[in-house]
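The sequence shown maps to residues 17 to 163 in this note's numbering.
For glycine and all other residues, C-beta sits at the position ideal for the given N, C-alpha and C.
Structure, as structure tokens:
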Amino acid sequence: MRYLIMVKSTPAFEAEGATPGGFQPDPTVFAEMAAFHEELARAGVLLDASGLKPSRAGWRVRYDGARRTVVDGPFTEAKELIAGYTLIQVASREEAMEWARRFPNPVGPGQPAEIEVRQLFELDDFAPSAEVERFRELAASKSIGSK
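Written out as structure tokens, the structure reads:
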């Protein structure tokens, strides 16, 4: 079972990226994150992890029928934005929850913050079909969604 731990953005993070030199993580928080991710790696459950640049560096694509519109960031609702993620593979929902409870506060001790954890779909979650088989072939060649 794969789970995505999403670190929610904050207004301060979205604003910090606009300063000269860009965002620089708090050294204490960065050290805690590094230690936690090393622990995930030692346990063999870490698949990937990274921070995301503020929304001003991104864009959204809106769909309206066949029409697509590109909207450049920044986006106003920081609490709805993702600042980073950690992708883990574990044996159960309970194990994912245990790891999530141990996730360091991404903005620092005592500060309000939020992470969200969501399970990824696996190809076995879908009814057998030619389309699922196409994704299985892709996964076998690219190592995506194969577990």
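Legend entry - Nearest neighbour of ALA28, chosen from GLU149, ALA156, GLU147, VAL123 [CA to CA]: Nearest of GLU149, ALA156, GLU147, VAL123 to ALA28, Cα basis: VAL123.
Legend entry - ALA57 - containing alpha helix (DSSP H), residue span: It spans 43–58 - the alpha helix (DSSP H) in which ALA57 sits, taken as one unbroken run.
Legend entry - Residues that DSSP places opposite VAL87 in a beta bridge: Looking at the DSSP assignment, VAL87 forms a beta bridge with ARG76.
Legend entry - GLY74 versus TYR101, ARG134, GLU30, GLU147, residue with shortest Cα-Cα distance: Answer by Cα proximity: GLU30.
Inset, instruction - Have a look at the DSSP bridge pairing and note the partners of LYS24. - result: LYS24 pairs with ILE98.
Legend entry - Exposed unless 16 or more other CB atoms sit within 10 angstroms - verdict on ALA99: When all chains shown are included, ALA99 counts as buried.
Inset, instruction - Within its chain, find whatever has a CB closer than 7 Å to the CB of ALA47; leave out the 5 residues flanking it on each side and keep chain order. - result: Excluding positions up to five away in sequence, the list is empty.
Legend entry - Residues sharing a beta bridge with ARG18, DSSP: DSSP lists GLN105 as the beta-bridge partner residues of ARG18.
Legend entry - Distance, LEU139 Cα to GLN105 Cα: The alpha-carbon atoms of GLN105 and LEU139 are separated by roughly 15 Å.
Legend entry - Pick from GLU54, MET49, VAL23, LEU97 that is closest to ARG76, judged by C-alpha positions: If we check each option's Cα against that of ARG76, LEU97 comes out closest.
Legend entry - Residue span of the alpha helix (DSSP H) that contains ALA155, given as start and end: First-last of the alpha helix (DSSP H) with ALA155: 146–158.
Legend entry - Heavy atom of the ligand SAM within 8 Å of GLU55 beta-carbon: Inclusion of the ligand SAM in the displayed structure is not the case, the ligand content being empty and no account of it being possible.
Inset, instruction - Could you give the DSSP three-state label for GLU130: helix, strand or coil? - result: GLU130 falls in the coil class under three-state DSSP.
Inset, instruction - Have a look at ASN121 and GLY89 and give me their C-alpha separation to the nearest angstrom. - result: C-alpha separation (whole angstroms): 26 Å.
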